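Asker: Got a structure here, written out as structure tokens. Questions coming.
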Amino acid sequence: MNKYKFVGKPIVRIDGREKVSGAAIYGDDIDFGPNLLYAEIVESTEAHAIIKSIDTSEAEKVEGVFKVFTGKDFPYKFGLYMKDRYIFAQDKVRFVGEQVAAVIGRTPQAAKKGAQLVKVEYKPLPVVTNQMDALKKDSVLLHPDLGEYPHVPWFFPKPKTNVAHWRKTRKGDLEKGFKEADLVFEDEYFVPRYAHCAIETHVAIGKYDLGGRLTVWSSSQSPHTQRHLFAEALAPMGLTHKDVRVIAPHVGGGFGGKAGVTMEIIPAALATKLKGYAVKLRWTRQQEFVNTYQRLGVVAKLKVGVKKDGTITALDHKIYWDAGAYVEYGANVVNAVGLSAIGPYRIPNVSIDSVCVYTNLPPGGAYRGFGYSEMLFGLESHMTQIAHKLGMDEVKFRLKNAIKEGDKTAYGADMNPNGLLECIEKVAKEIDWGKKIVSKDPKKAIGKGFSLFWKAPAMPPNASSSAFLKFNEDASINLIISGMDIGQGYQTVMAQIAAEVLSVPPSKIRVETPDTDRNPYEWQTVASHITWSSGNAVKKAAIDAKEQILALVERVFVIPKDQLYLEDEAVKCTTRKNFNLPLRDFVVNGIMTEDGTFKGGPINARGMFLPEFSSANSDPETSQGGHPNVHYTVGAGALILEVDKDTGKMHVIKAVEAIDAGQAINPDLIKGQITGGLLQGLATVLYEDMRYDEKGKLLNPNFTDYKIPTAMDVPDEIVPIIVEVPQPDGPFGARGIGEHTMLPAAPMIANAVEDAIGIRIKSMPFTAEKVAMAMLNLKNKKGK
Amino acid sequence: MAKIKFILNNEMRTVDVEPNETLLDVLRDKMGVKSPKCGCDRGDCGACAVMIDGKSVRSCLVFAIEVNGQEVTTLEGISQPKLTKLQEAFIQFNSFQCGYCAPGVIISATELLNNNPHPDLEEIKEALSGNLCRCTGYQPIFEAIMDVSRKRKK
Ligand code: FES
Ligand code: FES
Chain A
1 MNKYKFVGKP
11 IVRIDGREKV
21 SGAAIYGDDI
31 DFGPNLLYAE
41 IVESTEAHAI
51 IKSIDTSEAE
61 KVEGVFKVFT
71 GKDFPYKFGL
81 YMKDRYIFAQ
91 DKVRFVGEQV
101 AAVIGRTPQA
111 AKKGAQLVKV
121 EYKPLPVVTN
131 QMDALKKDSV
141 LLHPDLGEYP
151 HVPWFFPKPK
161 TNVAHWRKTR
171 KGDLEKGFKE
181 ADLVFEDEYF
191 VPRYAHCAIE
201 THVAIGKYDL
211 GGRLTVWSSS
221 QSPHTQRHLF
231 AEALAPMGLT
241 HKDVRVIAPH
251 VGGGFGGKAG
261 VTMEIIPAAL
271 ATKLKGYAVK
281 LRWTRQQEFV
291 NTYQRLGVVA
301 KLKVGVKKDG
311 TITALDHKIY
321 WDAGAYVEYG
331 ANVVNAVGLS
341 AIGPYRIPNV
351 SIDSVCVYTN
361 LPPGGAYRGF
371 GYSEMLFGLE
381 SHMTQIAHKL
391 GMDEVKFRLK
401 NAIKEGDKTA
411 YGADMNPNGL
421 LECIEKVAKE
431 IDWGKKIVSK
441 DPKKAIGKGF
451 SLFWKAPAMP
461 PNASSSAFLK
471 FNEDASINLI
481 ISGMDIGQGY
491 QTVMAQIAAE
501 VLSVPPSKIR
511 VETPDTDRNP
521 YEWQTVASHI
531 TWSSGNAVKK
541 AAIDAKEQIL
551 ALVERVFVIP
561 KDQLYLEDEA
571 VKCTTRKNFN
581 LPLRDFVVNG
591 IMTEDGTFKG
601 GPINARGMFL
611 PEFSSANSDP
621 ETSQGGHPNV
631 HYTVGAGALI
641 LEVDKDTGKM
651 HVIKAVEAID
661 AGQAINPDLI
671 KGQITGGLLQ
681 GLATVLYEDM
691 RYDEKGKLLN
701 PNFTDYKIPT
711 AMDVPDEIVP
721 IIVEVPQPDG
731 PFGARGIGEH
741 TMLPAAPMIA
751 NAVEDAIGIR
761 IKSMPFTAEK
771 VAMAMLNLKN
781 KKGK
Chain B
1 MAKIKFILNN
11 EMRTVDVEPN
21 ETLLDVLRDK
31 MGVKSPKCGC
41 DRGDCGACAV
51 MIDGKSVRSC
61 LVFAIEVNGQ
71 EVTTLEGISQ
81 PKLTKLQEAF
91 IQFNSFQCGY
101 CAPGVIISAT
111 ELLNNNPHPD
121 LEEIKEALSG
131 NLCRCTGYQP
141 IFEAIMDVSR
151 KRKK
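Chains A and B, in that order, are what the protein sequence lines are. Counting in the working numbering, the first sequence runs from 1 upward without gaps. Counting in the working numbering, the second sequence runs from 1 upward without gaps.
Here's what the structure looks like:
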């Protein structure tokens, strides 16, 4: 039934060969020769303190130390959505691990030795590591100058408090909604912080050459955004965008952690003071944990009203985010969820408060799911609890309230076409919902958990993509684009889209990682928007190429264009059966005519995409009026969980996830996202457990103590289900799915634990210890 | 500084090393062999795995000086003169996403199949349990290994 030749096919990755042979070059693999300098960072040992003095004299004496820099050398601020961050701490530090100084060495060893000898004297300030404490009237303020920070117009900071942004969404009449309800149920949920744990740590190399141009090689999801932020932050030094170049090699995993700008600003800035040299900064695993972004922590208060028949009448959702010391990117996580915290439900009366709070912990920022995982843990736990209180099956309850095309979102826009009901039904069937499984082992209990999910790309309304496409003599193609293949298969999928339009197989299309000098603009590879947005740009570029080809053939052979089409790398004609002009005969060298002259020439095409319907303008008190989200991707998941009644140890026997991809461009890559994303999600609830001391120091910044899943931790069975309700403005109907695959994991586990052992746990993670303790408490209570 | 001599990917090489330099750093920075990756520098992730005399080791935990007189093989060596059946299977099954773990995973899986041509799923999991992959959920890696095993004559 597939109407396409290359779209919808499980084509192997076009970057597969270089990745399995060791040929793929990552940031740390690039050679810079013996003149390369190495930077080592002096990190704050305090979570909140005034910097009284920095003494670099001993460090400067170390053999092989080239130079030492401090905040004084770089009095510049930067930030994606709000400029609240500094290249180096200025007068104050705000988290343990913050960069205070840099020692530049001829060797990494010399730089390290020097860094150990930099003496920083601090005057400690009160420390606040919890968002609820930071909201109190008497809390210490992290940013007394908050009122002066530049930010995007859709942020609403509250000066003289720790509230960096407060997204309010109001719809209908909340009071009336709760009055109409037969049951009103309130509860509270807690989600801690998490780390991305890409296996490649951040690395960036800056070089300001003697000709006055700055090049940064960077392991990044966002080369163009980095160039823009570097150029903005370093503008006082006379640099303009054309003088700044970002080259992004292969990325060893991103998950949001390499979005925007974090540590890369350091070598970019250092380079400007080290003219003629390249300077490299690579994070250790420990630094990777502490000084990039972390996923934000959440305290969520939920109140939902329902009628006896299961209709949801009202939702009051208050979400307090521990956003860390700087929120230049993280505040947009808060914003995105503040618009979408109704989940994929039709709810007439809504109040959402999503509050971004500064704390003395590492900066929070983008992490796969962009806040929706955190929000859905509470919401989907709550929905199951309510269904149970109503005595209703939770899947039926979800089916009844699931949002449909044309229903209003919380901010008043129409919901896009979607296959949510189909996802729910397919998952319920695959997991045999309603059928209780009893373990043969009396020590084990088995439960099932269900969850819905949704997410929209969070991006400014003018986030755009563009593409260049050029033909080579043999009709192979270089597709020149600036999204990053962070593993999701972007390059392959873009090749498939161009292939479909041009009838050239993806194996004949080369896509390389970008260089901002040569590749056209792309906002960032984030938000799961790249298949949709960059895919649209690529499709337009391919159509542009096709138009050029057909126009040329029309001109030379005097065949009307509408009778011409592309097939099997050739131009063919509907009216002349044996007309067959291979592309390789003319796409570079043109077509020879009777008099020996040539017509045409190299086919070079372009395309761009910007969602012109999107707008962030809305009433700050209600969020009504704009169209901040381009569309939502929806889905459903369920799993079967086995719990050991003595130890609390849990094991996933089967997991099912259905996702509406609009049109799967490459079903095999979507399945890869589901198996990978699901495990990453399960890890946040079953294994990963970030521990801070009360002074804001992370106690487990390594893989020995912060456990990410190994090959031993994989569910016995994962069933991926792809649903396809086309996205009208997507390339061939496609929409993004990358982040979504991890969204339902935590609530599925929470709901399955309750189903298995009758205990509702409301705070993540669910370590075996926590589950065992909960069972013990229950036993003791029953015993009394 | 001490001069050491060892076979690296079928070629006798000599290099000057400090006694405290790891094999990972020497391979990458002094010998230009970049497939072993650094993911943790403390033995947790397996991205730096190489083979010494046919046995996989984490090169971040080995001092370079220790390999004097031995034979070291990295992914570059395995990929010559052409990709192995296992590598081809990893391509066919889209087994890697970002690919950063691939050099280490391929070393571990190659060692496994050398010692045990027909491993079961548990043996595969066991053999890979020291290689962290954050992207794939491991499933497509297992599938490729099982496919190679299946296609091998018993
Ligand atoms: S770098 Fe050697 S095990 Fe991680
Ligand atoms: S493919 Fe990215 S870590 Fe394994």
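Beta carbons are placed, not taken as given, at the ideal position from N, Cα and C, and that holds for glycine. In this text the structure is predicted, and so the values were computed from the model without any measurement.
Taking any Cβ of chain A, which residues in the segment 34 to 61 of chain B have a Cβ under 8 Å from it, in chain order?
Answerer: Taking 8 Å as the Cβ-Cβ cut-off against chain A, the residues of the segment 34 to 61 of chain B that qualify are Lys34, Ser35, Lys37, Cys38, Gly39, Cys40, Asp41, Arg42, Asp44, Cys45, Ala47.
Asker: So, using beta-carbon positions, are A/Gly648 and A/Met775 closer together than 8 Å?
Answerer: Contact: yes.
Asker: Determine the chain B residues that contact A/Val427 at a beta-carbon separation under 9 Å, and present them in chain order.
Answerer: Result: empty, since nearest Cβ-Cβ is about 18 Å, beyond 9 Å.
Asker: Could you tell me if A/Ser53 is buried or exposed, where buried requires 16 or more neighbouring beta carbons within 10 angstroms of its beta carbon?
Answerer: A/Ser53 comes out exposed.
Asker: Would you kindly report the start and end of the unbroken beta strand (DSSP E) that includes A/Trp845?
Answerer: What the structure shows of chain A is the stretch from 1 to 784, and residue 845 of chain A is not part of that stretch, so it cannot be assessed.
Asker: Using a Cβ-Cβ cut-off of 6 Å (strictly less than) and excluding sequence neighbours within five positions of B/Gly130, which residues of its own chain qualify?
Answerer: Answer for B/Gly130: Gly46, listed in chain order.
Asker: If we ignore side chains and look at the alpha-carbon of each, how far apart do A/Asp515 and A/Asn291 end up?
Answerer: The alpha-carbon atoms of A/Asp515 and A/Asn291 are separated by roughly 25 Å.
Asker: Do three or more CB pairs link the segment 555 to 571 of chain A to the segment 612 to 626 of chain A at distances below 8 Å?
Answerer: The segment 555 to 571 of chain A vs the segment 612 to 626 of chain A: no contact.
Asker: Could you pull out every residue in the same chain whose Cβ sits closer than 6 Å to the Cβ of A/Leu552, ignoring the five residues on either side in sequence?
Answerer: The answer, listed in chain order, is Gly600.
Asker: Is any beta-carbon of chain B found at less than 8 Å from that of A/Gln221?
Answerer: So, not an interface residue.
Asker: Should A/Leu778 be flagged as near chain B, meaning a C-beta pair shorter than 8 Å?
Answerer: Answer no: the Cβ-Cβ gap between A/Leu778 and chain B never drops below 8 Å.
Asker: Using beta-carbon positions only, say whether A/Pro720 and A/Ile674 come within less than 8 Å of one another.
Answerer: Yes, they are a contact pair.
Asker: Can you have a look at A/Phe613 and say buried or exposed, based on whether 16 or more other CB atoms are within 10 angstroms of its CB?
Answerer: Exposed.
Asker: Name the DSSP bridge partner or partners of A/Glu717?
Answerer: Answer by DSSP bridge pairing, in chain order: A/Lys654.
Asker: Where does the unbroken beta strand (DSSP E) through A/Lys444 begin, and where does it stop?
Answerer: First-last of the beta strand (DSSP E) with A/Lys444: 444 to 455.
Asker: Thinking C-alpha only, which one of A/Pro461, A/Leu214, A/Glu569 is nearest A/Gly238?
Answerer: Out of A/Pro461, A/Leu214, A/Glu569, A/Leu214 has the C-alpha closest to the C-alpha of A/Gly238.
Asker: Against chain D, does B/Phe63 count as a neighbour if the rule is that its beta carbon must be under 8 Å from one of theirs?
Answerer: This model lacks chain D altogether; the protein chains it does include are A and B.
Asker: At what residues does the beta strand (DSSP E) containing B/Phe90 begin and finish?
Answerer: Taken as a continuous stretch (DSSP letters only), B/Phe90 belongs to no beta strand (DSSP E), being part of the alpha helix (DSSP H) at 85 to 92.
Asker: By the criterion of Cβ-Cβ separation under 8 Å, what are the contact partners of A/Leu678 in chain B?
Answerer: Ordered by position in chain B, the residues that pass the 8 Å Cβ test against A/Leu678 are Gly137.
Asker: Indicate the three-state DSSP secondary structure (helix, strand or coil) for A/Val723 in the structure shown.
Answerer: Note: A/Val723 maps to strand in three-state DSSP.
Asker: Are the beta-carbon atoms belonging to A/Ala102 and A/Val65 less than 8 Å from one another?
Answerer: Taking 8 Å as the Cβ cut-off, A/Ala102 and A/Val65 do not qualify as a contacting pair.
Asker: Using the beta-carbon count (16 or more within 10 Å), is B/Leu132 buried or exposed?
Answerer: By the 10 Å Cβ count, B/Leu132 comes out buried.
Asker: Please return the same chain residues whose Cβ sits closer than 8 Å to the Cβ of B/Glu143, not counting the five positions on each side in sequence.
Answerer: Taken in chain order, the residues that qualify are Phe93, Ser95.
Asker: Can you check which of these residues, A/Val96, A/Gly114, A/Glu148, A/Gln116, is closest to A/Lys125 by C-alpha distance?
Answerer: Residue identity differs from the one stated: residue 125 of chain A is Leu in this sequence, not Lys. Residue A/Val96 is the option with its Cα nearest to A/Leu125.
Asker: Roughly how many whole angstroms lie between the Cα atoms of B/Cys38 and A/His250?
Answerer: Approximately 15 Å between the Cα atoms of the pair.
Asker: Tell me whether A/Asp28, by its Cβ, gets closer than 7 Å to a heavy atom of ligand 1.
Answerer: No, ligand 1 has no heavy atom inside 7 Å of this Cβ.
Asker: Report yes or no: is there a C-beta of chain B within less than 8 Å of the C-beta of A/Met1?
Answerer: Note that A/Met1 scores 49 on pLDDT, short of 50, meaning its location in the model is unreliable and no value can be drawn from it.
Asker: Judging by CA-CA distance, which residue of A/Ser466, A/Gln488, A/Lys540, A/Thr513 is the nearest neighbour of A/Trp523?
Answerer: When each option's Cα is compared against that of A/Trp523, the closest is A/Ser466.
Asker: Among residues of its own chain, excluding the 5 on either side of A/Lys389, which ones have a beta-carbon nearer than 7 Å to its beta-carbon?
Answerer: The residues are Leu183, Phe185.
Asker: Below 7 Å between beta carbons is the criterion; list the residues of the segment 75 to 100 of chain B that meet it against any residue of chain A, in chain order.
Answerer: So the close ones are Leu75, Glu76, Ser79, Leu83, Gln87, Phe90, Ile91, Gln92, Asn94, Phe96, Gln97, Cys98, Gly99, Tyr100.
Asker: Could you work out which residues of chain A lie near B/Lys125, taking near to mean beta carbons separated by less than 7 Å?
Answerer: Within chain A, the residues near B/Lys125 are Ala711, Met712.
Asker: Enumerated in chain order, which unbroken segments of the beta strand (DSSP E) with a length of 3 residues or greater are wholly contained in the segment 216 to 264 of chain A?
Answerer: Those beta strand (DSSP E) runs which fall completely within the segment 216 to 264 of chain A and span 3+ residues are 244 to 247.
Asker: With 16 as the cutoff for other CB atoms within 10 Å, does B/Ala2 come out buried or exposed?
Answerer: Exposed.
Asker: Can you list, in chain order, the stretches of the beta strand (DSSP E) that have 3 or more residues and sit fully within the segment 22 to 54 of chain A?
Answerer: Within the segment 22 to 54 of chain A, the complete beta strand (DSSP E) runs of at least 3 residues are 37 to 43.
Asker: Is it true that the segment 368 to 385 of chain A meets the segment 298 to 308 of chain A, where meeting means three or more beta-carbon pairs spaced less than 8 Å apart?
Answerer: Touching, yes, given that three or more Cβ pairs across the two stretches are closer than 8 Å.
Asker: Between B/Leu113 and chain A, is there a C-beta pair that is closer than 8 Å?
Answerer: Judged by the 8 Å Cβ criterion, B/Leu113 is not in contact with chain A.
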